[in-house]
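Visitor:
Residue numbers (my numbering), protein chains in the order written: chain A, 20 to 303; chain B, 226 to 1190.
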């Protein structure tokens, strides 16, 4: 009947507990998940609406983001990404990662998962994987919807870069894809911090809000030029480095440093989260 | 095991350390920059050529850490003084050079008058400074009176560097910044020449004619700024010329009042220009010129570069996104200048690249990079050029009387905004006063990098020939028609000898040098205007017909974006971070695979707890040295008041809370977080835990799916029956009442029929029929060979549900055993008989029996239930100790129980024969059955016999205090 060496119940295998499918079902049925993903679909539509309804004043400053955003479908995507990178995407990632453990704790269902038993490291891993999958889905959903409505409205022309260069559609689309990939990597620090706070606190709002707060604080500090080179230690310092990819001749320097900075912070946060969770007394 | 358990944190800690060390190594500066000592000095120089009189130059020496060192002479811009150079001087001194900054004559605290970099005055001063440096022991020398010295400076100071290098062979290297080649061309430009074959092939070569148009705004600003800043300490006298030399002042007054230079003025300007000496410069020269500069444009650096290169000098050209209308060189560019000087002074280090670089500025200033730098292998001799056809008819251009209103393209010092909002708003061409010619929309992006040229035809109205002053501009036109003027610069032209017969004169116009990215779909437009507010244009009214004689020829310097190689440390860091994550995941897997410890002798024991303790930081001890066992088939009650440590014990049993000491074994396997044997425990501890957005049924299915075990083992139907939710099971759990959640949670705990069922306060929130039903379920569950552990703070609950009990108080075990044993502790028994008198007599007669007494008050007819009834009889007792009344379930059941009310002491009573009632006795070691037999033998009818004391009494006695429930 039972497994003699481990004493486990018949049919119990560690590797089958809390499978990704089950965790996916647990998360994807939530209103929170659906609203968030819906919002990411809605943002490009709202932007489009704003572009179409907004009446341009004759003295509108030249070459600004809005003008460039309407020059082609790809530029619309660029604008959508640009305007979402520093806040919307941060909130989305913070939400998916910060809420994942803390919400189970707030529903008191965490202890029953752990008593199945789902080993703690496995629980954290599975939850992080699904949170990452949902974040990536969101990160792709917004540009894809933007691409759809953008191409439909502004045509499938070239991507005009911020330096005024034009990239052919295929190149431009690939660069935008790389940009989204960079943003995904750059947000690992947000994911790590949110996961850590999610493990530390039982309040989902605390984990999500705390992470967003840190991001905003970092951005404020980053805007203080007097801090000079100290600013490159800030996790958000390279958050806009993906713009370096949107030129005819991409530069990989800031991209590399940005990826390293985010991964370093992310790794430290995630490892510390795993350590905290392994040692934690779960009481809710 | 402890070691294994600690492996994850250990590895995580190592990873954190590794990354931290890497970050520190990569990002922290190697050492603190050295402090640089600066000394103010006064250097006397000849007041005039061959004059015995001297004037004092105010100077500062910045000494590097190590001397002797090569020297750098730093000169300031027009209207400034040596203090402007402090930051740059400190940086240069840090990189190992002795720096001498000085205030030029006529400025600041230095004596003398401004002679506009005259070879006889300022440049002679420079030679004296070089000699002064040669006498310092801390300066390296090439020979006697010949120090190793480089010269740098911006604008006026840059021209000083060029002029000094062209006249003093002791200068070893120069780096002039944003300066001029010829003052006549930069202050009085005429960008029109006769059309002909293309001239120089350099990117910003501008062919210029004589008789230029005065850049009146700039010249006025510069003159006023310098004239009105007297020497500190001197008595300022009201004066037009201020500290200018009379000749310079006179030249200015002539220019400002007439707009046309006389021969003397032209001679003065030309004599004091680097163009006169660039043919002598053979030292390495770094020319830095600004892309935002309406005073000294890119063409001036281009001329310097061509002339010095022709003379055999090594030339590097850098265009940076700044200038007189924009920013000063930033730290990175200053570093590049320092490297250039340092290399050629010390001949050490890698040779600086001689590549030509320019920066394409992004119109986006918010976030991201401000520009991208394009590097070509060298300053090109033959620049690739495109010719774009221009369309537009011949158009009349009116010059208004007095030149007013005038076009406004830029305001000196402000045109940094030329490409953005302010510039666009300022840029105005009054209607009728300009002609517009446009290219087709560009099929692809084009970066104009340098001076564009175009041939322009200008015709007078019939009968009115002569000269015309016009201003030519190159606009970037967006598809919606909005125009921006890159660089904010205009090219003034003076077209001479226009035929009076109305036929056109053709001139080649060199447009201002710009670096301008023109997007695909945009057009380039050439505008020829009659007026420009910052120039001294024509004031006589006239009308000219302007047409295009050629297309627009634009330079395109190809190149690669500045070698932005992928930084290796960043890649290593990325690798290290990923490796640390991988290690942590591997460590977690290893930890999971470790061998489980089994105690073979306990494999049949559902639960064995030994020496279990849990202390929290701060001194609170929730559980203290707890040991007990639960055997198969038992329904064990864990009894204790709130705060006794019951829930903490159950949490430790579920692997949720780490014990401070002791072990918990379930079927012989030690419990730790994630122990596989936990899968044999079904638990309900401290409230339900469900996803509020899913239905009851979905919750159960999701929970079971999370176990990963086959669905056939779940026994959903049985669990749902226990839950008894009916159709509500399809509703969202968020809508459930407390009792419904409770039942669903118990059903969840029973999914898969676990070998050990752990329920914490299961009766909470249930109504009496449900409590009754649950007791039934639990007993049947245990009867099937499984084991149940129930915690409760309610005596009646445990008494009626459990076979065994563990009593806890303040974290410690105070009693354990069969419920009956605990209840019958000490052998006290109670008999309900039909004749108390006789029963007392019979009992007293027995050996070892003592304390025989009748119960006071005959109301209570059924004092106690036998131990076995405890399990069988299930009165529906309302929960809570304060509800003693409940309806008997059937005739044979005991009457109401007093759960908590303190029992009166049994008082001796006069035993009337024949009275029915209750008799208490202490049987000592005698079994109750023997006493019952004796009573029956004596002919006394015994209605019931049982332990006298109730659990509550036992409990209160055990915990040693009054009712605390």
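Heads up, the beta-carbon is just placed ideally off N, CA and C, and yes, glycines get one too. Note that the coordinates shown come from a computational prediction; the quantities given were computed from them, not determined experimentally.
Can you tell me whether residue 278/A sits near the ligand FAD, meaning its C-beta is under 8 Å from at least one heavy atom of the ligand?
Guide: Summarising the ligand content, the structure contains no ligands, and the ligand FAD is consequently not present.
Visitor: Distance, Cα to Cα, residue 648/B vs residue 634/B?
Guide: Residue mapping note: residue 648/B aligns to position 423 of the second chain, counting from 1. Residue mapping note: residue 634/B aligns to position 409 of the second chain, counting from 1. Confidence at residue 648/B is low in this model, with a pLDDT of 46, below 50, so the placement of that residue should be treated as unreliable; the coordinate-derived value is given next. Whole-angstrom Cα-Cα distance: 8 Å.
Visitor: Quick check on residue 996/B - is its C-beta less than 9 Å from some C-beta in chain A?
Guide: Position 771 of the second chain, counting from 1, holds the residue named residue 996/B. False, the Cβ-Cβ gap to chain A never drops below 9 Å.
Visitor: Count Cβ pairs between the segment 223 to 230 of chain A and the segment 141 to 152 of chain A that sit closer than 8 Å; are there 3 or more?
Guide: Verdict: no, contact absent.
Visitor: Could you check what DSSP says for residue 413/B in three-state terms: helix, strand or coil?
Guide: In the second chain, the residue the question calls residue 413/B occupies position 188. Residue state, collapsed to three classes: coil.
Visitor: In chain order, what residues of the same chain have a beta carbon less than 6 Å from the beta carbon of residue 341/B, not counting five sequence neighbours either side?
Guide: Position 116 of the second chain, counted from the first residue, corresponds to residue 341/B. So the list reads 473, 497, once near-sequence residues are dropped.
Visitor: Within 10 angstroms of its Cβ, does residue 725/B collect 16 or more other Cβ (buried), or is it exposed?
Guide: Here the question's residue 725/B lines up with position 500 in the second chain. When all chains shown are included, residue 725/B counts as exposed.
Visitor: Quick test of the definition: if touching needs 3 or more C-beta pairs under 8 Å, does the segment 945 to 954 of chain B touch the segment 899 to 914 of chain B?
Guide: The segment 945 to 954 of chain B is not in contact with the segment 899 to 914 of chain B.
Visitor: Measure how close the beta-carbons of residue 253/A and residue 237/A come, nearest whole angstrom, since I'm counting them as under 8 Å.
Guide: Numbered from its first residue, the first chain carries residue 253/A at position 234. Numbered from its first residue, the first chain carries residue 237/A at position 218. About 5 Å; that satisfies the 8 Å criterion.
Visitor: If distances are taken between C-alpha atoms only, which option among 681/B, 523/B, 366/B, 574/B comes closest to residue 617/B?
Guide: Mapped onto the second chain, residue 617/B falls at position 392. Looking at the Cα atoms, 681/B is the closest of the given residues.
Visitor: What does residue 1171/B pair with, by DSSP beta-bridge criteria?
Guide: Residue 1171/B sits at position 946 when you count from the first residue of the second chain. Answer is 1055/B, bridged to residue 1171/B.
Visitor: Beta-carbon of residue 223/A versus every beta-carbon of chain B: anything under 9 Å?
Guide: Translated into positions along the first chain, residue 223/A becomes position 204. No, because no Cβ of chain B sits closer than 9 Å to the Cβ of residue 223/A.
Visitor: Just to confirm, is the Cβ distance from residue 1012/B to residue 980/B under 9 Å?
Guide: As a working mapping, residue 1012/B is identified with position 787 in the second chain. As a working mapping, residue 980/B is identified with position 755 in the second chain. Contact flag set, yes.
Visitor: Helix or strand or just coil, what does DSSP make of residue 839/B?
Guide: Numbered from its first residue, the second chain carries residue 839/B at position 614. Note: residue 839/B maps to strand in three-state DSSP.
Visitor: Using only CA atoms, which one of 324/B, 1148/B, 736/B, 277/B lies nearest to residue 289/B?
Guide: Taking the second chain and counting its residues from 1, the one referred to as residue 289/B is at position 64. If we check each option's Cα against that of residue 289/B, 324/B comes out closest.
Visitor: Which residue's Cα is closest to the Cα of residue 277/A: 291/A, 264/A, 256/A, 287/A?
Guide: Position 258 of the first chain, counting from 1, holds the residue named residue 277/A. The option with the nearest alpha carbon to residue 277/A is 256/A.
Visitor: Residue 439/B and residue 379/B: beta carbons closer than 9 Å?
Guide: Stepping through the second chain from its first residue, residue 439/B is reached at position 214. Stepping through the second chain from its first residue, residue 379/B is reached at position 154. Not in contact: residue 439/B and residue 379/B (Cβ atoms no closer than 9 Å).
Visitor: Who pairs with residue 400/B in a beta bridge, going by DSSP?
Guide: Position 175 of the second chain, counting from 1, holds the residue named residue 400/B. Looking at the DSSP assignment, residue 400/B forms a beta bridge with 377/B.
Visitor: Closest to residue 309/B by CA distance: which of 281/B, 429/B, 553/B is it?
Guide: In the second chain, the residue the question calls residue 309/B occupies position 84. That would be 553/B, whose Cα lies nearest to the Cα of residue 309/B.
Visitor: Would you say residue 1016/B faces chain A, with C-beta separation under 9 Å as the test?
Guide: By one-based count along the second chain, residue 1016/B stands at place 791. False, the Cβ-Cβ gap to chain A never drops below 9 Å.
Visitor: Span of the alpha helix (DSSP H) holding residue 443/B?
Guide: Walking along the second chain from the start, residue 443/B turns up at place 218. Taken as a continuous stretch (DSSP letters only), the alpha helix (DSSP H) holding residue 443/B covers 441 to 452.
Visitor: Using beta-carbon positions only, say whether residue 763/B and residue 624/B come within less than 9 Å of one another.
Guide: Here residue 763/B refers to the residue found at position 538 when the second chain is read from its first residue. Here residue 624/B refers to the residue found at position 399 when the second chain is read from its first residue. Yes, these two residues count as a Cβ contact at 9 Å.
Visitor: Confirm, please, whether the CB-CB distance from residue 700/B to residue 751/B is below 9 Å.
Guide: On the second chain, position 526 is the one that residue 751/B refers to. On the second chain, position 475 is the one that residue 700/B refers to. Against a cut-off of 9 Å, the Cβ pair of residue 700/B and residue 751/B comes out as a contact.
Visitor: Rounded C-beta distance between residue 897/B and residue 870/B? I'm assuming under 8 Å.
Guide: One-based indexing of the second chain puts residue 897/B at position 672. One-based indexing of the second chain puts residue 870/B at position 645. Contact doesn't hold; Cβ gap of about 20 Å is too wide.
Visitor: Smallest Cα separation from residue 319/B: which of 822/B, 1059/B, 287/B?
Guide: Locating residue 319/B in the second chain gives position 94, where the first residue counts as 1. Of the listed residues, the one whose Cα sits closest to residue 319/B is 287/B.
Visitor: Quick one: grab the DSSP three-state call for residue 1018/B.
Guide: The residue given as residue 1018/B occupies position 793 in the second chain. Three-state DSSP puts residue 1018/B in coil, outside helix and strand.
Visitor: Who are the Cβ neighbours of residue 32/A in its own chain at under 6 Å, not counting the five residues just before and after it?
Guide: On the first chain, residue 32/A is found 13 positions in, with the first residue counted as 1. Closer than 6 Å at the Cβ level, and outside the excluded window around residue 32/A, lies no residue.
Visitor: Taking a Cβ distance cut-off of 8 Å, strictly less, list which residues of the segment 874 to 908 of chain B are near chain A, in chain order.
Guide: Per Cβ criterion, the list reads 876, 879, 880, 881, 882, 883, 891, 892, 893, 894, 898, 899, 900, 901, 902, 903, 904, 905, 906, 908.
Visitor: How long is the line joining the alpha carbons of residue 114/A and residue 227/A, rounded to whole angstroms?
Guide: Indexing the first chain from 1 puts residue 114/A at position 95. Indexing the first chain from 1 puts residue 227/A at position 208. Between residue 114/A and residue 227/A, the C-alpha separation is close to 5 Å.
Visitor: When you compare the CB of residue 923/B with every CB in chain A, is at least one pair closer than 9 Å?
Guide: Here residue 923/B refers to the residue found at position 698 of the second chain. Closer than 9 Å to some Cβ of chain A, the Cβ of residue 923/B qualifies, so yes.
Visitor: Does any C-beta atom of chain A lie closer than 9 Å to the C-beta of residue 796/B?
Guide: The residue you call residue 796/B lines up with position 571 of the second chain. It does: the Cβ of residue 796/B has a partner Cβ on chain A nearer than 9 Å.
Visitor: Comparing the C-beta of residue 799/B with each C-beta of chain A, is any distance below 9 Å?
Guide: Residue 799/B sits at position 574 when you count from the first residue of the second chain. Yes, contact with chain A.
Visitor: Note down, in chain order, each residue of its chain lying with its Cβ closer than 6 Å to the Cβ of residue 954/B, except the 5 sequence neighbours on either side.
Guide: Numbered from 1 along the second chain, position 729 holds the residue referred to as residue 954/B. Taken in chain order, the residues that qualify are 921, 922.
Visitor: Could you tell me whether any Cβ in chain B is nearer than 9 Å to the Cβ of residue 305/A?
Guide: Lying before the first or after the last residue shown, residue 305/A is absent from chain A, which here runs from 20 to 303.
Visitor: Let me check one thing: in DSSP terms, what residues is residue 890/B bridge-paired to?
Guide: In the second chain, counting from the first residue as 1, residue 890/B sits at position 665. 833/B, 895/B, per the DSSP bridge assignment.
Visitor: Below 7 Å CB to CB, which residues in the same chain sit around residue 262/A once its five sequence neighbours on both sides are set aside?
Guide: For the purposes of this step, residue 262/A is taken as residue 243 along the first chain, with counting starting at 1. If we look at residue 262/A and ignore the five residues flanking it on each side, its Cβ neighbours are 181.
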